[in-house]
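Read through the structure below, which is laid out as structure tokens, and then see the notes.
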Amino acid sequence: MRSISLRTIAIATVAVLAVGYALAFFDAPRDADQGLIQKIFYLHVPLAISALVGFVVAAVLAIQHLRTGDAIWDARSYVAIHVSVIFGVGVLLTGAIWAKGAWGTWWEWREPTLVSFLIVFLLYATYYPLRYAIEDRDRQARYASVFAITAGAFVPLNFVAVRAAEPLIHPRTFSSAGGLPDSMLLAFLVCMAGMALLWVTLVRFELAAKGTSADLSRIRRAVLGDDAPPAPAPSIAPVGASASRAMSAGPREERPR
Amino acid sequence: MPILLAIAEAEKYVGGAYLVFLLLLLVYVAIMAAKLQRIQRELSELAGAAEQKRGGSS
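Here it is in structure tokens:
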């Protein structure tokens, strides 16, 4: 099956996000309790859901890496975590602004939703030092995959635990008590789809950049031979089927000799 | 009047949240653009080296 091109996904992302936020601001009614400030919900919640689902997706990709041993799955898992961490930064910042506007405080330590998300975010922040503390590429990829699976399993558990806990002030998005009215729900779902598409676009974009970087290293080796000065080391193993073949075929020039 | 003030206050936070998100995206895109620029530079260096090699061998 032919995959959709990055350009198509990027255009779809912009279109869906534009429609979503137009609906959120011009069609969805103003919240009776919070007023205008509730419009942050259409940004903050899709970002949070995309980030958390992204962490779980990274775990699934890491399982594939451990099963097959192919570096491409490790690269995909790494990029999924990277983009989700960036989304996580967005969640914490927009959440803090919403909290200040709605509750008068930037952060509430007694609120389980906030603290649990911070724990998940900090857990994934340790992924980078763990990964780069290991020099050997194969071991690095294996350990990173084990981390991604363990942390990925923690995300749904954490979600269930937070749902079970008594909320202090943070609203529950889809609670049994009523939930969202239809006009708000439509805007929210379109924004959610747009944010999910943005996540996919960024993952594909970064993977494409890493694949090109790896191909460039191969060309450098082919043109300049083994005496070629080492290119700046990419942050992860080469990406792509051709790069994987190159990895198994010979020594990797990025390693310090 | 207090209602108008409350809306102006809310606008500040809503605008701030969306602006922060846009800035975050912009920073990410800028970093990726810098990386792509580096790749482009290396590629043109390699093209030059390849042409030199071909000129030397013929």
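Residue numbers (the numbering used here), protein chains in the order written: chain A, 2 to 258; chain B, -4 to 53. Glycine included, every Cβ here is placed at the ideal spot set by N, Cα and C.
Requested in this report: Report the partner residues of D34 (chain A) according to the DSSP bridge assignment.
Outcome: D34 (chain A) is not bridged by DSSP to any residue.
Requested in this report: Can you grab the Cα-Cα spacing for the pair W1 (chain A) / F27 (chain A), in whole Å?
Outcome: The structure shown does not extend to residue 1 (chain A), since chain A is modelled only from 2 through 258, so no value can be given for it.
Query raised in the report: Could you give the distance in angstroms between the alpha-carbon of G153 (chain A) and the alpha-carbon of T69 (chain A)?
Result: When rounded, the distance between both Cα atoms is 19 Å.
Requested in this report: State buried or exposed for L208 (chain A), treating a residue as buried only when at least 16 other CB atoms are found within 10 Å of its CB.
Outcome: Burial call: buried.
Report task. Please confirm whether S146 (chain A) and H66 (chain A) have their CB atoms less than 8 Å apart. Result -> A contact, by the Cβ cut-off of 8 Å.
Query raised in the report: Out of curiosity, what's the CA-to-CA distance linking G10 (chain B) and L17 (chain B)?
Result: Each residue's Cα considered, the two are about 10 Å apart.
Query raised in the report: Run through DSSP, which three-state label would G11 (chain B) get?
Result: In this structure, G11 (chain B) counts as helix in the three-state DSSP scheme.
Query raised in the report: Are the CB atoms of I87 (chain A) and Y8 (chain B) nearer to each other than 8 Å?
Result: In this structure, the beta-carbon distance from I87 (chain A) to Y8 (chain B) does not fall below 8 Å.
Query raised in the report: Any C-beta of chain D sitting closer than 8 Å to the C-beta of G11 (chain B)?
Result: Structure shown: chain D not included; protein chains present are A and B.
Report task. Evaluate contact between the region 183 to 199 of chain A and the region 100 to 117 of chain A, counting only Cβ atoms and requiring at least three cross-stretch pairs below 8 Å. Result -> No, because fewer than three Cβ pairs between the region 183 to 199 of chain A and the region 100 to 117 of chain A fall closer than 8 Å, the two stretches do not touch.
Requested in this report: Could you run through the region 30 to 42 of chain B and flag, in chain order, every residue whose CB is less than 8 Å away from some CB of chain A?
Outcome: Residues passing the 8 Å Cβ filter: K30, L31, R33, I34, E37, L38, L41.
Report task. Have a look at I41 (chain A) and Y13 (chain B) and give me their C-alpha separation to the nearest angstrom. Result -> When rounded, the distance between both Cα atoms is 8 Å.
**Report entry** Residue of A:G91, A:R132, A:S218 minimising C-alpha distance to F118 (chain A)
**Finding:** For F118 (chain A), the nearest C-alpha among the options comes from A:G91.
Query raised in the report: Which term fits I12 (chain A), buried or exposed, when burial requires 16 or more other beta carbons within 10 angstroms of its beta carbon?
Result: Note on I12 (chain A): under 16 other CB atoms within 10 angstroms of its CB, so exposed under the neighbour-count rule.
Query - Contact set between the region 40 to 59 of chain A and chain B, restricted to residues whose Cβ is under 8 Å from the partner - result: Flagged, chain order: K40, I41, L44, H45, L48.
Requested in this report: Taking L19 (chain B) as the query, report the chain A residues whose CB atoms sit under 8 Å from its CB, ordered along the chain.
Outcome: Those within 8 Å of L19 (chain B) in chain A are I87, V90, G91, L94.
Query raised in the report: Going by beta carbon distance, what residues of the same chain come within less than 7 Å of P257 (chain A), once the five residues before and after it are set aside?
Result: At P257 (chain A) the pLDDT is 33, less than 50, meaning the model places this residue with poor confidence and gives no usable figure here.
Query - Exposure label - E112 (chain A); buried when at least 16 CB within 10 Å - result: Label assigned to E112 (chain A): buried.
**Report entry** I220 (chain A): contacting residues in chain B (beta-carbon distance under 7 Å)
**Finding:** Chain B residues near I220 (chain A): L41.
Query raised in the report: Using the C-alpha atoms, what's the distance from L225 (chain A) back to T127 (chain A)?
Result: Near 38 Å, if we compare the C-alpha coordinates of L225 (chain A) and T127 (chain A).
Query - Whole-angstrom distance between L217 (chain A) and L136 (chain A), CA atom to CA atom - result: The amino acid occupying residue 136 (chain A) in the given sequence is Glu; Leu does not appear at that position. Straight-line Cα distance between these residues: approximately 22 Å.
Report task. Could you name the residues of the same chain whose beta carbon sits closer than 8 Å to that of P30 (chain A), not counting the 5 residues immediately before and after it, in chain order? Result -> If we look at P30 (chain A) and ignore the five residues flanking it on each side, its Cβ neighbours are P182, S184, M185.
Query raised in the report: Between the Cα of M193 (chain A) and the Cα atoms of A:W110, A:G96, A:S4, A:A49, which residue gives the shortest distance?
Result: Ranking A:W110, A:G96, A:S4, A:A49 by Cα distance to M193 (chain A) puts A:A49 first.
Query raised in the report: Can you give the Cα-Cα distance for A234 (chain A) and T114 (chain A), rounded to whole angstroms?
Result: Low confidence applies here, because A234 (chain A) scores a pLDDT of 49, under 50, leaving its location unreliable and the question unanswered by this model.
Query raised in the report: So E207 (chain A) is in the alpha helix (DSSP H); what residue range does that whole segment cover?
Result: 183 to 225 is the extent of the alpha helix (DSSP H) around E207 (chain A).
Query - Beta-carbon proximity check, A165 (chain A) vs S51 (chain A), cutoff 8 Å - result: The beta carbons of A165 (chain A) and S51 (chain A) sit no closer together than 8 Å.
Report task. Would you kindly check if the distance between the Cβ of I38 (chain A) and the Cβ of A5 (chain B) is under 8 Å? Result -> Using a Cβ distance threshold of 8 Å, A5 (chain B) and I38 (chain A) count as a contacting pair.
Query raised in the report: If we call anything under 8 Å between Cβ atoms a contact, is L131 (chain A) one with F148 (chain A)?
Result: The answer is yes: Cβ separation under 8 Å.
Query raised in the report: Leaving out the 5 sequence neighbours to the left and right, which residues in its chain are closer than 6 Å to V17 (chain A) when beta-carbon positions are compared?
Result: Once the five neighbours on either side are set aside, the close Cβ partners of V17 (chain A) are A194, G195, L198.
**Report entry** Contacts that A45 (chain B) makes with chain A (C-beta to C-beta distance below 7 Å)
**Finding:** Near A45 (chain B) (Cβ distances below 7 Å), the residues of chain A are V224.
**Report entry** Contact with chain A by V15 (chain B), beta-carbon distance below 8 Å
**Finding:** Chain A contact via Cβ: present.
Query raised in the report: How would you list, in chain order, the residues of chain B whose beta-carbon sits under 8 Å from the beta-carbon of F1 (chain A)?
Result: Because chain A spans 2 through 258 in this model, residue 1 (chain A) falls outside it and cannot be assessed.
Query raised in the report: A1 (chain A) and L31 (chain B) look like a contact to me (Cβ under 8 Å); what is the Cβ gap, rounded to whole Å?
Result: This structure gives no information on residue 1 (chain A), because the portion of chain A shown stretches from 2 to 258.
Query raised in the report: What do you get for G50 (chain B), buried or exposed, if any count of 16 or more other CB atoms within 10 angstroms of its CB means buried?
Result: Counting the other CB atoms within 10 Å of its CB gives G50 (chain B) a total below 16, which places it among the exposed residues.
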